[in-house]
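Residue numbers (this note's numbering), protein chains in the order written: chain C, 195 to 532; chain P, 195 to 532.
The block underneath contains the structure these notes are about, expressed in structure tokens.
Protein chains: 2
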Amino acid sequence: MVRPTIHDVARTARVSLATVDRVLNKRGGVAEKSVKKVLEAIEVTGYVRDLTAANLSRGREYRFTFLVPDSQTGFMGLMRTALETQRAALRDHRVKLRVVAVPAFDVAAQAAALASLSHRSTDGVAVVATEAPEVQAEMARLSSDGVPVVALVADLPRAKRDAYVGPDNVVAGRTAAAFMGRFVGARRGGILMIAGSLAARDHMERVMGFRMVMAERFPQLNLLPAVQGFDTPETVKALTLAALREGPLAGIYAVGAGRSGLIDALRDSFDRPVTIAHDLTTSARAALLSGELDLVIDQNPAAEVQAAISLMRDLTDQRPINPNSGSVPLSIFVRENV
Amino acid sequence: MVRPTIHDVARTARVSLATVDRVLNKRGGVAEKSVKKVLEAIEVTGYVRDLTAANLSRGREYRFTFLVPDSQTGFMGLMRTALETQRAALRDHRVKLRVVAVPAFDVAAQAAALASLSHRSTDGVAVVATEAPEVQAEMARLSSDGVPVVALVADLPRAKRDAYVGPDNVVAGRTAAAFMGRFVGARRGGILMIAGSLAARDHMERVMGFRMVMAERFPQLNLLPAVQGFDTPETVKALTLAALREGPLAGIYAVGAGRSGLIDALRDSFDRPVTIAHDLTTSARAALLSGELDLVIDQNPAAEVQAAISLMRDLTDQRPINPNSGSVPLSIFVRENV
DNA sequence: CAAAAATTGATTGACGTACCTCAAGATGTC
DNA sequence: GACATCTTGAGGTACGTCAATCAATTTTTG
Numbered sequence: 195m196v197r198p199t200i201h202d203v204a205r206t207a208r209v210s211l212a213t214v215d216r217v218l219n220k221r222g223g224v225a226e227k228s229v230k231k232v233l234e235a236i237e238v239t240g241y242v243r244d245l246t247a248a249n250l251s252r253g254r255e256y257r258f259t260f261l262v263p264d265s266q267t268g269f270m271g272l273m274r275t276a277l278e279t280q281r282a283a284l285r286d287h288r289v290k291l292r293v294v295a296v297p298a299f300d301v302a303a304q305a306a307a308l309a310s311l312s313h314r315s316t317d318g319v320a321v322v323a324t325e326a327p328e329v330q331a332e333m334a335r336l337s338s339d340g341v342p343v344v345a346l347v348a349d350l351p352r353a354k355r356d357a358y359v360g361p362d363n364v365v366a367g368r369t370a371a372a373f374m375g376r377f378v379g380a381r382r383g384g385i386l387m388i389a390g391s392l393a394a395r396d397h398m399e400r401v402m403g404f405r406m407v408m409a410e411r412f413p414q415l416n417l418l419p420a421v422q423g424f425d426t427p428e429t430v431k432a433l434t435l436a437a438l439r440e441g442p443l444a445g446i447y448a449v450g451a452g453r454s455g456l457i458d459a460l461r462d463s464f465d466r467p468v469t470i471a472h473d474l475t476t477s478a479r480a481a482l483l484s485g486e487l488d489l490v491i492d493q494n495p496a497a498e499v500q501a502a503i504s505l506m507r508d509l510t511d512q513r514p515i516n517p518n519s520g521s522v523p524l525s526i527f528v529r530e531n532v
Numbered sequence: 195m196v197r198p199t200i201h202d203v204a205r206t207a208r209v210s211l212a213t214v215d216r217v218l219n220k221r222g223g224v225a226e227k228s229v230k231k232v233l234e235a236i237e238v239t240g241y242v243r244d245l246t247a248a249n250l251s252r253g254r255e256y257r258f259t260f261l262v263p264d265s266q267t268g269f270m271g272l273m274r275t276a277l278e279t280q281r282a283a284l285r286d287h288r289v290k291l292r293v294v295a296v297p298a299f300d301v302a303a304q305a306a307a308l309a310s311l312s313h314r315s316t317d318g319v320a321v322v323a324t325e326a327p328e329v330q331a332e333m334a335r336l337s338s339d340g341v342p343v344v345a346l347v348a349d350l351p352r353a354k355r356d357a358y359v360g361p362d363n364v365v366a367g368r369t370a371a372a373f374m375g376r377f378v379g380a381r382r383g384g385i386l387m388i389a390g391s392l393a394a395r396d397h398m399e400r401v402m403g404f405r406m407v408m409a410e411r412f413p414q415l416n417l418l419p420a421v422q423g424f425d426t427p428e429t430v431k432a433l434t435l436a437a438l439r440e441g442p443l444a445g446i447y448a449v450g451a452g453r454s455g456l457i458d459a460l461r462d463s464f465d466r467p468v469t470i471a472h473d474l475t476t477s478a479r480a481a482l483l484s485g486e487l488d489l490v491i492d493q494n495p496a497a498e499v500q501a502a503i504s505l506m507r508d509l510t511d512q513r514p515i516n517p518n519s520g521s522v523p524l525s526i527f528v529r530e531n532v
């Protein structure tokens, strides 16, 4: 039993090859009953389109654009590495990647970068976007222009993007809290949350999730109000030191970046609080091994990139997409499994 | 700049298409200097073989056989589900999967199943194998017969298989210990390890890793000798109850299967020990949610299946393989992130 | 019923590689 | 120089789909 081809379909449907082709590729101009005959024939023969042949014949190329913040280090560095790795693998699959670095936290630059894109220059856009209205307006324009727009890492309101690829940040916060409660145990002192910015949706969601589980399962712990470190080491350090002056800390949840400031601040404290952070960067890995971090919650950037590409492909080909295919699982790392 | 083809290579090398083909597909009968010219031309043109076209032309089919224990439930159930899921996706990639169920723990049946395979009936074999000599002999025969043999889930001595796909079980044990120590905290009581069989390499490695970290980082905890539950609920239950009679338990590390017996045994204990288990089966998921399990270490069966297939493909095509491409990362689940 | 419109068939040429054959040229051996 | 052996060229067919054309047929419309 060999694989059936369009010829087999045509023969069993008693129509010509051309008609089968018209049905398969929705070229229109086919009578209802013929469509039906073809579909039935596909059913009985068990025909599946041979993707290798189809792609070869089409010679189609997908041009996808990734807009990511330009920071070389930290999480975005990992993401850029993942993109470069994918680039090689994707040559075989007729996908061309363009990675555009935009200054982090620069709304105007982000909007400008998006504005320069159109359906003529790209077949899909994945962007680590902020909630700024000018950025979202550009995303909406692209989307209505027929260019699929995927929100990466941080979600946006449903109306502004075609899909989201990234972790469920509420779950991430909840998970952090579960481990925090367990690790802190009977220790005394406050629990400090340092977010990057509470205007960033991903950080806010993490804080929310963290708060929920803390209230549900560890009400005896003293959860301090969340502070904003703006992902900069100096601010994070200052905030940590300030909190330590207020009283002893049992735990710290570093929701965003700027981790080196945190580690600096804790260097001299003789009874280090339980510290949980996000994203397994090189420095996070080192901090885990040296004991400066207790646990890291990672969103696999490589998996995110892959999911984004696969989703953009489905969207450009108008294939139905699985609503939660963009959700990437969280990985949890401690010293022993980095 | 379009993608260069073999024609371009032939033209820049000033040889015929046939010669390029001979070089590319190692058909032999080409003078040294011609080979050199072709390789140089490949270099300067930046030629990469178009896999879609190549596969289409070859019409090659990969027939891979998976030998897995026949238990419908638990981890092997997950693996069989993953295999079925892959089967559909693989139709597009000219890969045909054959899944053979062999009675668990039945050495003779396993050896017989392997014996029935040859290079004529399959292009690669992935097997969840035991260390029994008759099984390993069959694996060695297949391998020397030119059929790649991949050890799945549990590793084997290097000489007996072509690759290993599965978790690093020593790391798994170490990770379990790290969380166990943290979760137990100041609690008093023994730490019980229940393995399936200490003759199973994967279980033994986990126990080893667990012991190491316990000794290094939590020497104050009372680690009891590992017992063997043979993956059967009744035995596991009996062992747990016996341990409880000996004295209070602070933690239990369920290295293997038979978890339902464990949960049975603990149902009435009023101060439940910290319980860590392996593999996120349906029942493990439920137990996490209900609080009967504290943590689950999962080896993503779907990822394992994919890795195994990709490796077998590389092996059959004689491509060089990355020695640690078969190592699948561990996933850690608690109630909050299942 | 005739004209217009819709539908269908037949055919052809890509896409890039694999694989095969046959003849011709180059090189080496005695 | 005759012969065998090695190496190369030229050319064709196949893989399964896509895309397009043009003519032939059927159906619809007034």
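We put the CB at the ideal spot given by N, CA and C, even for glycine.
All values reported here derive from a predicted model rather than from experimental measurement.
Reference residue 404 of chain P; option with closest CA among P/447, P/435, P/426 and P/298: P/447
Environment of residue 464 of chain P [buried if 16+ CB atoms lie within 10 Å]: exposed
For residue 474 of chain C, the first and last residue of its enclosing beta strand (DSSP E): Looking at the DSSP string, residue 474 of chain C is not in any beta strand (DSSP E), and its letter there is neither H nor E.
DSSP three-state assignment for residue 194 of chain C, whether helix, strand or coil: The shown model of chain C, from 195 to 532, leaves out residue 194 of chain C, and the question about it has no answer.
Rounded C-alpha distance that separates residue 212 of chain C from residue 365 of chain C: 51 Å
Range covered by the beta strand (DSSP E) that runs through residue 526 of chain C: 524-527
Cβ-based burial, residue 474 of chain P [other Cβ within 10 Å; buried from 16]: buried
Buried versus exposed call for residue 227 of chain C [16 or more other C-beta atoms within 10 Å across all chains shown]: exposed
Range of the contiguous alpha helix (DSSP H) that encloses residue 395 of chain C: 395-411
Beta-carbon proximity list for residue 525 of chain P, same chain, < 7 Å, skipping 5 on both sides: 492 and 494
Sufficient close CB pairs (3 or more, under 8 Å) joining the segment 220-240 of chain P to the segment 256-263 of chain P: no
Between the CA atoms of residue 417 of chain C and residue 454 of chain C - distance to the nearest angstrom: 23 Å
Check whether residue 424 of chain P and residue 375 of chain P have beta carbons under 8 Å apart: no
Cβ distance (whole Å) where residue 522 of chain C is taken to contact residue 271 of chain C below 8 Å: Contact doesn't hold; Cβ gap of about 18 Å is too wide.
Proximity of residue 470 of chain C and residue 370 of chain C at Cβ, strictly below 8 Å: yes
Whole beta strand (DSSP E) elements within the segment 284-367 of chain P, 3-residue minimum: 289-296, 318-321, 343-346 and 357-359
Inter-residue Cα distance where the pair is residue 472 of chain P and residue 255 of chain P: 36 Å
Rounded C-alpha distance that separates residue 237 of chain P from residue 202 of chain P: 12 Å
N- and C-terminal bounds of the beta strand (DSSP E) containing residue 224 of chain P: Taken as a continuous stretch (DSSP letters only), residue 224 of chain P belongs to no beta strand (DSSP E), as it is neither H nor E.
Residues of its chain near residue 427 of chain C, where Cβ-Cβ distance is below 6 Å and the 5 sequence neighbours each way are ignored: 452, 454 and 455
Nearest-angstrom Cβ-Cβ length linking residue 302 of chain P and residue 332 of chain P, presumed shorter than 8 Å: Incorrect: roughly 11 Å between the Cβ atoms, too far for contact.
Cβ-based burial, residue 179 of chain P [other Cβ within 10 Å; buried from 16]: Past the boundaries of the shown model lies residue 179 of chain P; chain P is included only from 195 to 532, so the question cannot be answered.
Members of the segment 407-418 of chain P that neighbour chain C once the beta carbon cut-off is set at 8 Å: 407
Assumed close pair residue 441 of chain C, residue 383 of chain C - CB separation to whole angstroms, cut-off 8 Å: 7 Å
Closer than 9 Å at the beta carbon, the chain P residues around residue 525 of chain C: 523, 524, 525 and 526
Per-residue burial, residue 445 of chain C [other beta carbons within 10 Å of its own, 16 or more giving buried]: buried
Sequence-distant residues of its chain with Cβ nearer than 6 Å to residue 268 of chain P (five each side left out): 451 and 475
Beta-carbon proximity of residue 296 of chain P to residue 274 of chain P, cut-off 8 Å: no
Backbone secondary structure at residue 262 of chain C - three-state DSSP: strand
Length of the line joining the Cα atoms of residue 482 of chain C and residue 506 of chain C: 35 Å
Within chain P, partners of residue 377 of chain C - CB distance below 9 Å: 376, 377 and 379
Contact under 8 Å by Cβ, residue 399 of chain P with residue 367 of chain P: yes
Bounding residues of the alpha helix (DSSP H) (the contiguous stretch that carries residue 457 of chain C): 453-460
Residue 238 of chain C CB to nearest heavy atom of the ligand SAM below 7 Å: As for the ligand SAM, it is missing from this structure, which has no ligand bound.
N- and C-terminal bounds of the beta strand (DSSP E) containing residue 392 of chain C: Per DSSP, residue 392 of chain C belongs to no beta strand (DSSP E) and is neither H nor E.
Contacts that residue 219 of chain C makes with chain P (C-beta to C-beta distance below 8 Å): Those do not exist, as residue 219 of chain C stays about 17 Å from chain P at its closest Cβ, beyond 8 Å.
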